[in-house]
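Okay, structure first, notes after.
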Amino acid sequence: MEPKANPRSEAQFHQLRTPRSAAVAGIVFGALFATSIALLATAMPATAAAPWARGGSKITTALFLAPLAGIAFLWFIGVLRDRFGDLEDRFFSTVFLGSGLLFLAMTFVSMALAGALLAVSRHSSDVAETDIVYFGREVMLHVNNVYSVRMAAVFMISLATMWLRTRLMPKPVVIATYLLAVVLLVVVSFSFWVALVFPVWVLVVSAYILVTDHRQPARPD
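FYI, the numbering for the sequence shown is 1123 to 1343, going by the numbering used here.
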């Protein structure tokens, strides 16, 4: 007669288990989003009067990569929620999920504005169109560097708090997450380079999850 499996131990194992292959989603997001931000930062003209078309190929590539990064980010959120399992706190989980979705939505809005500005710049050099480009550029920078970046900071703070309460991540990772989140909350900059902090953090955390999960013993049959 085969020994009966302990349902409690199986449940505890599932609570702390992350899909090992899915952790790659965070690495994919970090790489794609960081590349997209870097392309925009180097291709976007310093002033509205400067022609956007000169960096058109870089901007087009960035706009192509952004939705793919967004899909990977959604998968990354799922990875984190699976890692908590039944240990997930409803309050912090709601803040974590809401801030993540808001970050993604505002990022898409910012990227859409960049695409619209590129299209306007390509088809017209009129003074009135220059004013439109200037307005759109400022809206894009405010959406990305003021609101989106701060939602990323809230995402990091709520996640670090859940890590601290459940002890699923070591304290150095939690402390580093808090410090980076505070930087994103406090620093006000209209440079796209500031937005690189978040994807680099996601990439590092995902790499850590992937490595530690591969070190876990295989699940018993």
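Think of the CB as a built atom: it goes at the ideal place given N, C-alpha and C, for glycine as much as any other residue.
CB contact check: residue i to chain B, cutoff 9 Å
| i | result |
| --- | --- |
| lysine 1180 | Given the protein chain composition of this structure (a single chain), no chain B is represented. |
Residue i to residue j span [Cα, whole Å]
| i | j | result |
| --- | --- | --- |
| isoleucine 1368 | threonine 1299 | Because the chain is modelled from 1123 through 1343, residue 1368 falls outside the range shown and cannot be assessed. |
| phenylalanine 1155 | leucine 1187 | 7 Å |
| alanine 1133 | phenylalanine 1213 | Confidence in alanine 1133 is poor, its pLDDT being 45 and thus under 50, which makes the residue's placement unreliable; the coordinate value appears in the next sentence. Looking at the two C-alpha atoms, the distance is approximately 22 Å. |
| isoleucine 1279 | serine 1232 | 23 Å |
| threonine 1283 | tyrosine 1269 | 21 Å |
| leucine 1224 | alanine 1236 | 18 Å |
| aspartate 1253 | threonine 1164 | 22 Å |
| tryptophan 1323 | threonine 1334 | 17 Å |
| phenylalanine 1312 | arginine 1203 | 32 Å |
| proline 1294 | leucine 1301 | 11 Å |
| tyrosine 1256 | aspartate 1211 | 44 Å |
| methionine 1291 | arginine 1244 | 48 Å |
| leucine 1185 | methionine 1228 | 14 Å |
| valine 1316 | alanine 1234 | 19 Å |
| leucine 1190 | isoleucine 1159 | 13 Å |
| valine 1305 | serine 1215 | 22 Å |
| valine 1308 | histidine 1264 | 15 Å |
| alanine 1303 | valine 1271 | 9 Å |
Cβ shell of residue i (< 7 Å), same chain only, five flanking positions each side left out
| i | result |
| --- | --- |
| leucine 1325 | Gly1148, Ile1149, Gly1152 and Ala1153 |
| threonine 1288 | Phe1206 and Leu1209 |
| leucine 1286 | Val1296 |
| phenylalanine 1195 | Phe1151 and Leu1226 |
| alanine 1145 | Val1201, Ser1328, Ile1331, Leu1332 and Asp1335 |
CA nearest to the CA of residue i, picked from the options
| i | options | result |
| --- | --- | --- |
| threonine 1157 | Thr1334, Met1291, Val1319 and Val1327 | Val1319 |
| arginine 1259 | Ala1241, Leu1301 and Arg1272 | Ala1241 |
| leucine 1161 | Pro1167, Val1146, Thr1183 and Ala1145 | Thr1183 |
| valine 1217 | Val1310, Leu1185, Phe1277 and Leu1307 | Phe1277 |
| leucine 1226 | Leu1301, His1245, Val1309 and Ile1199 | Ile1199 |
| isoleucine 1181 | Val1309, Ala1191 and Pro1167 | Pro1167 |
| methionine 1310 | Ser1243, His1245, Asn1266 and Arg1244 | The amino acid at residue 1310 is misidentified as methionine; the sequence shows valine. Of the listed residues, the one whose Cα sits closest to valine 1310 is Asn1266. |
| glycine 1178 | Leu1239, Gly1222 and Thr1229 | Leu1239 |
| phenylalanine 1314 | Ala1275, Met1273 and Met1262 | Met1262 |
| isoleucine 1193 | Gly1220, Phe1230 and Ala1317 | Phe1230 |
Cβ-based neighbour list, residue i, same chain, cut-off 6 Å, excluding 5 preceding and 5 following
| i | result |
| --- | --- |
| proline 1321 | Gly1152, Phe1155 and Ala1156 |
| leucine 1281 | Phe1218 |
| serine 1221 | Met1273, Val1276 and Phe1277 |
| tryptophan 1197 | Ala1147 |
Continuous alpha helix (DSSP H) assignments of at least 4 residues falling wholly in the segment 1154-1218: 1178-1206
Complete runs of the alpha helix (DSSP H) confined to the segment 1238-1318 [at least 4 residues]: 1249-1264, 1271-1288 and 1293-1308
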